[in-house]
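First comes the structure, then the notes that go with it.
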Amino acid sequence: MNTVLPLSEPLPPPARRAAHEANRLAKRLRHHVGRAIADFGMIEEGDKVMVCLSGGKDSYTLLDILLQLQKKAPVRFDITAVNLDQKQPGFPEHVLPDYLRSIGVDYRILEQDTYSVVARVVPEGKTMCSLCSRLRRGALYACAEAEGFTKIALGHHRDDLVATFFLNMFFHSKLAGMPPKLLSDDGRHVVIRPLAYVREDDIAAYAEAKQFPIIPCNLCGSQENLQRRQVKNMMDGWERDTPGRVEQIARALGDIRPSKLSDPKLFDFMSLGQRSDGGMPDAHAWLGGESTSPNGSGDMS
Ligand code: SF4
284 MNTVLPLSEP
294 LPPPARRAAH
304 EANRLAKRLR
314 HHVGRAIADF
324 GMIEEGDKVM
334 VCLSGGKDSY
344 TLLDILLQLQ
354 KKAPVRFDIT
364 AVNLDQKQPG
374 FPEHVLPDYL
384 RSIGVDYRIL
394 EQDTYSVVAR
404 VVPEGKTMCS
414 LCSRLRRGAL
424 YACAEAEGFT
434 KIALGHHRDD
444 LVATFFLNMF
454 FHSKLAGMPP
464 KLLSDDGRHV
474 VIRPLAYVRE
484 DDIAAYAEAK
494 QFPIIPCNLC
504 GSQENLQRRQ
514 VKNMMDGWER
524 DTPGRVEQIA
534 RALGDIRPSK
544 LSDPKLFDFM
554 SLGQRSDGGM
564 PDAHAWLGGE
574 STSPNGSGDM
584 S
């Protein structure tokens, strides 16, 4: 006997367009995420990956794309979504559990009232993000330790990596960014950023097409850090006036030539073309005993 399968209802045109857009973007995102995972050796056989989920567009996209890649990945690995409920006033507690149950992924919701701590300690009008992030990181690392997660996946994307590079350059006088893969300071956790090659506007479009139940990030009432806003405005201006510049910079972060920079710790300029075997005179010797500080005192810095 033939079984007649019920025909699914055709989608109305706007929904069809959204589904088509989501598929197109998903393909591009899988491509970038798969490449980043391979380029940096982010995930290996048997890994237990903890995906940190804040309820923002970036972390929803990260989880969604990792789940898609997991199905065809060349290695077996587990995914657990973890959210830290920081007890911000008005945080809609049910949104993430409802979503995570609906997609059938393993998950944990941690509860820690970091909001009260930050609100008490940080003076009014100052940005709370730096302390808040530190406390959040501590709670997530503790969870990874307790549960034996071997990788901690965060939703930072290409534009975050570029912005951090400029923040370090403009406000801390160093060339350093946000690496796609990182060992925590205590050496106990490996943090990965699989969206490292993904543009923020692709993520925004994907989140929109997928209708993720976004939880707004202004519940805590903290203002965005002024320096970060300046850098973001600068990058937005570039994208408007010279599209593609941020991508060029992101690529440059992966193509570094120490011999074309000025850090003698990274490249041995000293012995370059040196004809004698002996040591080279230092700044004190060149200045004939004068202070090596441009201001006349202390060290040269
Ligand atoms: S915006 Fe609020 S919740 Fe987000 S890091 Fe800053 S203080 Fe924390």
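Just remember that the numbering used here sits 283 ahead of the position in the sequence shown, which is counted from 1.
Beta carbons: idealized from backbone N, C-alpha and C, even for Gly.
Treat the numbers as computed from the prediction; the structure is a model and nothing was measured.
query                                                                                                                                                                  : result
Among Tyr489, Arg511, Thr433 and Ser559, which has the Cα closest to the Cα of Ile362?                                                                                 : Thr433
Residues in the same chain with beta-carbon distance under 8 Å from Val405, minus the five sequence neighbours each way, listed in chain order, please.                : Met411 and Leu414
Quick one: is the Cβ of Thr258 within less than 8 Å of any heavy atom of the ligand SF4?                                                                               : Since the displayed the chain opens at 284 and closes at 584, residue 258 lies outside it and no answer follows.
So which of Thr344, Ser416, Ile435 and Glu328 has the shortest CA-CA distance to Val365?                                                                               : Ile435
Is it true that the segment 542-550 meets the segment 459-470, where meeting means three or more beta-carbon pairs spaced less than 8 Å apart?                         : no
For the segment 320-328 against the segment 299-308, are there 3 or more C-beta pairs whose distance is under 8 Å?                                                     : no
My output table needs one value for Tyr491: the three-state DSSP class, helix, strand or coil.                                                                         : Here residue 491 turns out to be Glu, not Tyr, going by the sequence shown. Helix.
Determine whether the beta carbon atoms of His440 and Arg482 lie at a separation below 9 Å.                                                                            : yes
Do Tyr343 and Gln369 count as a contact pair if the criterion is CB distance below 9 Å?                                                                                : no
Please indicate yes or no: does the CB of Arg419 lie closer than 8 Å to some heavy atom of the ligand SF4?                                                             : yes
Assign Phe454 to one of two classes, buried (16 or more other C-beta atoms within 10 Å of its C-beta) or exposed (fewer than that).                                    : exposed
For Ser545, collect the residues of the same chain with a Cβ closer than 6 Å to its Cβ; drop the 5 residues on either side in sequence, then sort them by chain order. : none
Could you check if Pro295 is buried or exposed, using at least 16 other CB atoms within 10 Å of its CB as the buried criterion?                                        : exposed
Across which residues does DSSP place Leu346 in a beta bridge pair?                                                                                                    : In DSSP, Leu346 forms no bridge with anything.
What whole-angstrom Cβ distance do Ala319 and Leu444 have, given they're in contact under 8 Å?                                                                         : Actually they do not touch by this definition, with Cβ atoms about 11 Å apart.
Within the chosen definition, does the segment 309-317 reach the segment 344-360 through at least 3 CB pairs nearer than 8 Å?                                          : yes
What whole-angstrom Cβ distance do Phe360 and Val332 have, given they're in contact under 8 Å?                                                                         : 6 Å
Quick one: is the Cβ of Ser505 within less than 8 Å of any heavy atom of the ligand SF4?                                                                               : yes
If I follow the unbroken alpha helix (DSSP H) through Arg558, where does it start and stop?                                                                            : Segment: none, Arg558 is in no alpha helix (DSSP H) and carries neither H nor E.
Assuming Arg391 and Cys426 make a contact with CB atoms under 8 Å, what is their CB distance in whole Å?                                                               : 7 Å
Quick one: is the Cβ of Val316 within less than 8 Å of any heavy atom of the ligand SF4?                                                                               : no
Any heavy atom of the ligand SF4 within a distance shorter than 8 Å of the CB on Val401?                                                                               : yes
Here's the rule: buried if 16 or more other CB atoms are within 10 angstroms of the residue's CB, otherwise exposed. What is Gln371?                                   : buried
Are Ile497 and Ala490 closer than 9 Å when you measure CB to CB?                                                                                                       : yes
Run the CB neighbour count on Ala479, radius 10 Å, all protein chains shown included, and call it buried at 16 or more, exposed below.                                 : buried
Distance, Cα to Cα, Pro477 vs Pro297?                                                                                                                                  : 31 Å
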